[in-house]
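Structure first, commentary second.
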Amino acid sequence: MDKLLDQVLYLLGLVYFYRWVVPFVVLPIMLAIAGLLHWRAERVTRPFIAAARRRASGLAAALGPDQEPAAEREAFSRSFIEVSQTMCAEAPGAESLVQAWREFQESIVDEDQSPIRNTSRPTTFFIRVIPRQTTLTFASNIFVGVGLVLTFLGLIVALNTAARGMSGGGVADAQLALTGLLTVAGAKFFSSVAGLVASIWLRTAEHSLSRRATAPVERICDLLERGLLYIPPQRLAVEQLAVLREQRDQLKFFNTDVALQLTDRIGEQFRAAMAPVTQSLGDLNSNMTSVTQGIGAGAREAIEKVSGEQLRGLSDTLASLRERLDDIGTKVGSSGSDAAEQIKAAGSEFSSAARDIRDAFDKLVGNVDGLGQRLTTQGEEASRAQDEAMARIREGLEGAQVRTTEMMEKAVEALQAAGRQAAEEMQRDLGNALASGVARNQETFRVAMEESGEALRETSSGLARAIAGAADGIERAGTNFARSSDNASKTAGAMGDLVTNAERVSSSLRQATEGLSGAAAPVLQASRAVGDAANRVASAVEASGAAEAQALREMRELANGVTQTHAAAEGAWRDYRARFEGVDRAMAETADRLAATLGESLTEFRRFAQDTDREMAAAVGKLATTVSQIEEYAEALDEFVEQGRGPRLEPAE
Numbered sequence: 007m008d009k010l011l012d013q014v015l016y017l018l019g020l021v022y023f024y025r026w027v028v029p030f031v032v033l034p035i036m037l038a039i040a041g042l043l044h045w046r047a048e049r050v051t052r053p054f055i056a057a058a059r060r061r062a063s064g065l066a067a068a069l070g071p072d073q074e075p076a077a078e079r080e081a082f083s084r085s086f087i088e089v090s091q092t093m094c095a096e097a098p099g100a101e102s103l104v105q106a107w108r109e110f111q112e113s114i115v116d117e118d119q120s121p122i123r124n125t126s127r128p129t130t131f132f133i134r135v136i137p138r139q140t141t142l143t144f145a146s147n148i149f150v151g152v153g154l155v156l157t158f159l160g161l162i163v164a165l166n167t168a169a170r171g172m173s174g175g176g177v178a179d180a181q182l183a184l185t186g187l188l189t190v191a192g193a194k195f196f197s198s199v200a201g202l203v204a205s206i207w208l209r210t211a212e213h214s215l216s217r218r219a220t221a222p223v224e225r226i227c228d229l230l231e232r233g234l235l236y237i238p239p240q241r242l243a244v245e246q247l248a249v250l251r252e253q254r255d256q257l258k259f260f261n262t263d264v265a266l267q268l269t270d271r272i273g274e275q276f277r278a279a280m281a282p283v284t285q286s287l288g289d290l291n292s293n294m295t296s297v298t299q300g301i302g303a304g305a306r307e308a309i310e311k312v313s314g315e316q317l318r319g320l321s322d323t324l325a326s327l328r329e330r331l332d333d334i335g336t337k338v339g340s341s342g343s344d345a346a347e348q349i350k351a352a353g354s355e356f357s358s359a360a361r362d363i364r365d366a367f368d369k370l371v372g373n374v375d376g377l378g379q380r381l382t383t384q385g386e387e388a389s390r391a392q393d394e395a396m397a398r399i400r401e402g403l404e405g406a407q408v409r410t411t412e413m414m415e416k417a418v419e420a421l422q423a424a425g426r427q428a429a430e431e432m433q434r435d436l437g438n439a440l441a442s443g444v445a446r447n448q449e450t451f452r453v454a455m456e457e458s459g460e461a462l463r464e465t466s467s468g469l470a471r472a473i474a475g476a477a478d479g480i481e482r483a484g485t486n487f488a489r490s491s492d493n494a495s496k497t498a499g500a501m502g503d504l505v506t507n508a509e510r511v512s513s514s515l516r517q518a519t520e521g522l523s524g525a526a527a528p529v530l531q532a533s534r535a536v537g538d539a540a541n542r543v544a545s546a547v548e549a550s551g552a553a554e555a556q557a558l559r560e561m562r563e564l565a566n567g568v569t570q571t572h573a574a575a576e577g578a579w580r581d582y583r584a585r586f587e588g589v590d591r592a593m594a595e596t597a598d599r600l601a602a603t604l605g606e607s608l609t610e611f612r613r614f615a616q617d618t619d620r621e622m623a624a625a626v627g628k629l630a631t632t633v634s635q636i637e638e639y640a641e642a643l644d645e646f647v648e649q650g651r652g653p654r655l656e657p658a659e
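Note that my numbering gives residue 155 to position 149 of the sequence shown, counting from 1, and the numbers run on in steps of one.
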């Protein structure tokens with residue numbers, strides 16, 4: 007433990023060995039830290055002080071120049087909106103003041119009343135938002151303690167050093183150690199001085215900032231006290247009790263006197279209000295009566311128009327009865343009691359005739375009503391039948407259009423696939439045949455140039471085999487051409503079937519749209535266009551077959567030429583010994599002609615394949631155009647059908 011203590015004291019002695027370390031190093035460091043803390047506290051508190059001063063200035067302006075309390079409260083109530091805006095203005099450092107004002111504003115009783123009353127003191131809300139300088143207070147106490155600790159550590163190091171110096175036993179050494187002790191101890195007290203100075207500085211800064219922050223807040227509270235009228239909650243309770251008593255008295259008066267008067271006044275006002283309504287109802291009744299009479303007259307007129315001959319016969323009967331009555335009246339003037347009896351009999355006859363007329367009239371009205379109902383029912387049934395027929399026609403047209411489109415798409419796809427397959431097979435077979443023939447030719451010529459005698463015979467036989475292989479390849483190409491021609495013929499047959507199906511669709515469309523001949527004309531034209539397009543495609547296919555046949559003939563001629571070349575090569579071989587050089591030149595020329603012929607044939611075939619693809623593409627394009635025209639015709643037919651379904655004649659009444 008002693009060794010550990012000696013090591014600690016030794017390390018501290020490195021710091022305290024020189025007496026200038028504390029006054030010129032430790033003291034400036036402590037004062038610099040204190041200054042930094044003061045600057046940070048100042049930077050944090052200054053925005054709050056500025057915001058509080060702005061609010062105090064706004065409140066002072068709202069109170070006005072008159073110092074009389076009633077005038078100040080009146081001016082404050084008039085400027086309360088501006089005061090609220092000033093107190094709620096957002097600014098750096100004003101967050102706590104805004105929150106305090108919002109909480110204090112809740113204690114105001116009525117902001118529209120003059121003077122404005124509140125139930126809480128503003129100091130309760132604003133004093134608690136003043137920034138507390140707790141950091142400065144804590145740091146000032148810490149600096150005092152740090153200064154004392156550094157002083158005591160320096161004394162410990164100095165005493166330890168002096169003790170070591172006195173342990174030598176000499177008076178001079180002891181005196182020197184004591185002098186060093188006193189010198190170092192005096193220097194170490196600068197640490198205490200530094201701590202005290204820093205503590206005093208921070209305490210002064212804390213007091214200054216607190217006073218500067220508290221002053222505007224206290225002014226705000228004072229100005230609010232002057233502009234508002236503080237009332238305790240107990241006073242509000244007393245006022246509410248007085249208001250409740252007044253309401254109780256008013257309710258008593260209302261239940262006794264006002265209720266009776268109110269009943270009479272309500273009755274009078276109700277009668278006055280209902281008088282126009284009663285008059286309006288009377289007018290409405292009169293209007294309904296006149297309308298009913300008008301309807302009856304109109305019905306009679308309509309029945310007269312509808313009944314025709316029956317009503318005319320009825321009028322004739324009434325006219326004859328009127329003539330009889332006239333005769334009876336004439337006879338009455340000349341007769342006596344007999345005339346009276348006749349008049350009675352005529353009256354009874356007239357009454358029975360009137361009853362018969364009334365019964366006939368009722369039956370006629372019933373017949374007319376039944377006739378109208380039957381006409382209405384028949385019209386509705388005819389309309390429903392027409393709608394159903396149009397729906398069935400439209401469904402048939404849509405199905406025919408869909409089937410036609412599908413068949414055309416399938417035909418186009420089959421035609422394209424057949425063309426591509428034929429072209430690919432043709433190119434592949436011809437390329438293989440030509441490649442194998444040329445390769446064998448080259449191999450044969452190479453062996454012929456290297457060997458002589460029997461080797462030349464083998465070369466000749468190899469050339470013959472190569473030529474035969476080339477001829478076989480050409481034959482296979484011709485076979486492929488023939489197969490392609492067959493496929494084209496099959497495609498033409500498919501297009502013929504397509505034309506047949508299109509004709510069937512056209513006939514079905516004609517049968518489905520017999521009542522709409524004008525609308526079915528575009529479909530007929532479309533089917534004819536499809537037939538023409540199919541014929542054109544068939545013509546193109548036939549032309550393609552003719553071109554393929556021509557190419558086949560050319561390839562056969564080429565095979566014949568190759569055969570002749572083979573015969574010439576055999577003749578040259580028979581004369582080889584006599585004319586070796588001539589044979590070589592003839593073989594070289596023959597090989598050149600063979601290569602040239604094969605190259606020209608390949609070029610012609612490539613051109614033929616390109617022409618075939620171009621013709622097929624043109625035919626497909628025309629077919630696609632025809633299909634689009636068919637779709638347009640079908641859409642036009644749908645629009646026509648929709649237009650035909652729209653306006654329908656109403657059934658006659």
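By construction, the Cβ of each residue, glycine as well, lies at the ideal position given by its N, Cα and C atoms. Computed from a predicted structure; not experimentally measured.
Relative to L142, the option among L161, I237, L208, I35 whose CA is nearest is L208. Taking each of V223, E641, L159, R241 in turn and checking the Cα distance to S63, the smallest one comes out for V223. With a contact defined as Cβ atoms closer than 8 Å, E231 and P128 qualify at about 7 Å.
Looking at the DSSP output, I114 shares a beta bridge with N124.
For L10, the secondary structure class from DSSP, reduced to helix, strand or coil, is helix.
Inclusion of L103 and R134 in the CB contact set at 8 Å is not warranted, their separation being larger than that value. The three-state reading of DSSP puts L235 in strand, counting E and B together.
In the DSSP assignment, Q91 falls within the alpha helix (DSSP H) that extends over 86 to 93.
Taking each of R599, T210, A219, D598 in turn and checking the Cα distance to T51, the smallest one comes out for A219.
Look at P53 here: in three-state DSSP terms it is helix.
In the structure shown, P71 adopts coil according to DSSP, grouped into three states. Using a Cβ distance threshold of 8 Å, S205 and S146 count as a contacting pair. A direct Cα-to-Cα measurement between P29 and A221 gives close to 39 Å.
Counting along the chain, F30 sits inside no alpha helix (DSSP H), nor does DSSP assign it H or E at all.
Exclusion of the five residues before and after F110 leaves P128, F131 as the residues of its chain whose Cβ lies within less than 6 Å of its Cβ.
Minimum Cα-Cα distance from L65 among the listed residues E48, E88, D72 corresponds to E88.
By the neighbour-count criterion, in which 16 or more other beta carbons inside 10 Å mark a residue as buried, R620 falls on the exposed side. Boundaries cannot be given for T262, as no alpha helix (DSSP H) includes it and DSSP labels it neither H nor E. With fewer than 16 other Cβ atoms from the protein chains shown falling within 10 Å of its own Cβ, V155 counts as exposed.
For Q139, the secondary structure class from DSSP, reduced to helix, strand or coil, is coil. In this structure, L43 lies away from L229, with their beta-carbon atoms at least 8 Å apart.
The shortest CA-to-CA distance from N124 to any of V152, P137, Y236 is the one to Y236. A243 is not a Cβ neighbour of M36, given a cutoff of 8 Å.
The residues L156, F196, S197, A200, in chain order, have a CB closer than 8 Å to that of V32 in the same chain once the five nearest residues on each side in sequence are set aside.
Excluding five sequence positions before and after L202, the CB atoms of its chain that fall closer than 7 Å to its own CB belong to V150, G153, given in chain order.
The closest CA to that of A100, considering only L184, C227, F158, R59, is found on R59. Around the CB of L234, 16 or more other CB atoms lie within 10 Å, so the residue is classed as buried. It is roughly 8 Å from the alpha-carbon of C94 to the alpha-carbon of Q105. Considering only P137, R84, R559, the residue with the shortest C-alpha distance to F54 is P137. Within the same chain, L69, G70, D72, R232, G233 come within 8 Å of E78 by CB-CB distance, once the 5 residues on both sides are set aside. About 6 Å separates the beta carbon of S83 from that of P121, a gap short enough to meet the 8 Å contact definition. Look at Q119 here: in three-state DSSP terms it is coil, with no helix or strand label. The beta carbons of L161 and K194 sit closer together than 8 Å.
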